[in-house]
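In this note's numbering, the protein residues as written are 1 to 191.
Below is one structure, written out as structure tokens; the observations come after it.
And the structure:
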């Protein structure tokens with residue numbers, strides 16, 4: 001029996017991250033070491049999650065009314081030691097204005113999953129989590145990540161940097177009009 005001074009255990013909201021494509025949603029519930037995981041998806045867009053976590057078996061719950069209908073049979077979930085990931089198939093291929101039906105400011109526990117996020121106009125051209133770069137050998141692009149030696153084509157012991165004389169020659173080569181103006185000014189002064 002509960003004493004009048006004890007508080008009933010109230011559920012907390014886990015962090016829920018999401019991203020979308022025109023045909024699916026990525027929903028990730030961040031809850032390390034989740035136990036007693038219960039999940040339910042309903043075609044009209046109901047998303048329910050509950051679990052306990054931590055040494056005290058603290059209850060967590062997320063009960064969302066998604067923006068539109070979903071295809072429950074084509075949706076999948078995966079439970080890992082750090083999170084519960086959902087791939088939710090939308091009933092219609094279209095972009096949603098937001099994750100939940102509720103207008104206004106979204107609940108504080110809902111976050112954009114920037115690792116999976118792609119804007120609507122970039123969906124077809126942008127690489128996503130399943131990036132395929134074909135046969136590109138990035139080591140040949142000299143974009144860093146290697147030894148850090150940008151002068152790899154210069155034989156060891158030779159210095160590829162410009163000498164003071166080369167720099168001076170370069171400065172005179174680029175400032176001919178100024179040199180000519182200085183010479184004409186000197187001639188006017190002598191006359």
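The beta-carbon is built from N, C-alpha and C at its ideal position, and this holds for glycine as well.
Rounded C-alpha distance that separates residue 49 from residue 73 | The count along the chain shown starts at 1 and reaches residue 49 at position 49. The count along the chain shown starts at 1 and reaches residue 73 at position 73. Answer to the nearest angstrom: the Cα atoms are 17 Å apart.
Within the chosen definition, does the segment 103-120 reach the segment 78-92 through at least 3 CB pairs nearer than 8 Å?
-> With the cut-off at 8 Å, the segment 103-120 and the segment 78-92 do not touch.
Residue 59 versus 10, 115 and 113, residue with shortest Cα-Cα distance | Mapped onto the chain shown, residue 59 falls at position 59. Considering only alpha carbons, the answer is 10.
List the DSSP bridge partners of residue 59.
-> Here residue 59 is taken as the residue at index 59 of the chain shown, counted from 1. Looking at the DSSP assignment, residue 59 forms a beta bridge with 52.
Report the rounded CA-to-CA distance for residue 195 versus residue 67, giving the unit in angstroms.
-> Outside the displayed range of the chain (1 to 191) lies residue 195, so it cannot be described from this structure.
Counting only runs that start and end within the segment 80-127, where is the beta strand (DSSP E) found for 3 or more residues in a row?
-> List check, beta strand (DSSP E) in window: 83-90 and 110-112.
Could you tell me which residues DSSP puts in a beta bridge with residue 208?
-> A query on residue 208 cannot be resolved here, the shown segment of the chain reaching from 1 to 191 and no further.
Where DSSP assigns a beta bridge to residue 30, which residues make up the other side?
-> Counting from one through the chain shown, the residue named residue 30 turns up at place 30. Residue 30 pairs with 15 and 83.
Outcome for residue 102 when other beta-carbon atoms lying within 10 angstroms are tallied against a minimum of 16 | In the chain shown, counting from the first residue as 1, residue 102 sits at position 102. Around the CB of residue 102, fewer than 16 other CB atoms lie within 10 Å, so the residue is classed as exposed.
State the Cα-Cα distance for the pair residue 96 and residue 61, rounded to the nearest angstrom.
-> Taking the first residue of the chain shown as 1, we reach residue 96 at position 96. Taking the first residue of the chain shown as 1, we reach residue 61 at position 61. Each residue's CA atom was taken as its position, placing residue 96 and residue 61 some 23 Å apart.
Going by other Cβ atoms of all chains shown within 10 Å of its Cβ, with 16 needed for buried, is residue 19 buried or exposed?
-> As a working note, residue 19 is residue 19 in the chain shown. With a 10 Å radius around the Cβ and a threshold of 16 neighbouring Cβ atoms, residue 19 comes out buried.
Measuring CB to CB, does residue 88 end up less than 8 Å from residue 24?
-> As a first step, residue 88 must be located in the chain shown, where it is residue number 88. As a first step, residue 24 must be located in the chain shown, where it is residue number 24. Yes, these two residues count as a Cβ contact at 8 Å.
What is the DSSP secondary structure of residue 73, counted as helix, strand or coil?
-> Taking the first residue of the chain shown as 1, we reach residue 73 at position 73. Strand.
Hey, how far is the Cα of residue 78 from the Cα of residue 104?
-> Your numbering for residue 78 matches position 78 in the chain shown. Your numbering for residue 104 matches position 104 in the chain shown. Their backbone Cα atoms lie some 30 Å apart in a straight line.
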